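Position one of the sequence shown corresponds to residue 3 (my numbering), numbered consecutively onward. Where a beta carbon is used, it is the ideal one built from N, C-alpha and C, also for glycine. Since the model is a prediction, treat every value here as computed from it, not as a measurement.
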Amino acid sequence: ATMDMIKIAGQEPANFLDVGGTADAKRVETAFRIILKDPNVKAILVNIFGGIVRCDRVAQGIVDAYKS
């Protein structure tokens, strides 16, 4: 549904990333570093399914990627 909403808004989703239910901050940071290497990336939408992965771990990984 999230990808559909991006299309409805007139944009083109380019990547779907599932870090898995056992993701830690390092895995999220690594994923974001890979995504941010692409110069065509204009925005990143993060959709966290609470209860599957700890939201604080995802948030820490995003912060760590941003700081580096």
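CB of residue i within 8 angstroms of CB of residue j, strictly
i	j	result
residue 31	residue 66	yes
residue 48	residue 64	yes
Presumed contact (8 angstroms Cβ cut-off) between residue i and residue j, rounded CB distance
i	j	result
residue 23	residue 54	5 angstroms
residue 25	residue 60	7 angstroms
Span separating the alpha-carbon of residue i from that of residue j
i	j	result
residue 56	residue 46	19 angstroms
residue 43	residue 33	13 angstroms
residue 136	residue 62	It is not possible to answer for residue 136, since the shown part of the chain is limited to 3 through 70.
residue 19	residue 7	16 angstroms
residue 16	residue 35	16 angstroms
residue 41	residue 14	15 angstroms
Threshold first: 3 residues or longer. Then list the beta strand (DSSP E) segments lying entirely within the stretch 34 to 67, N to C.
none
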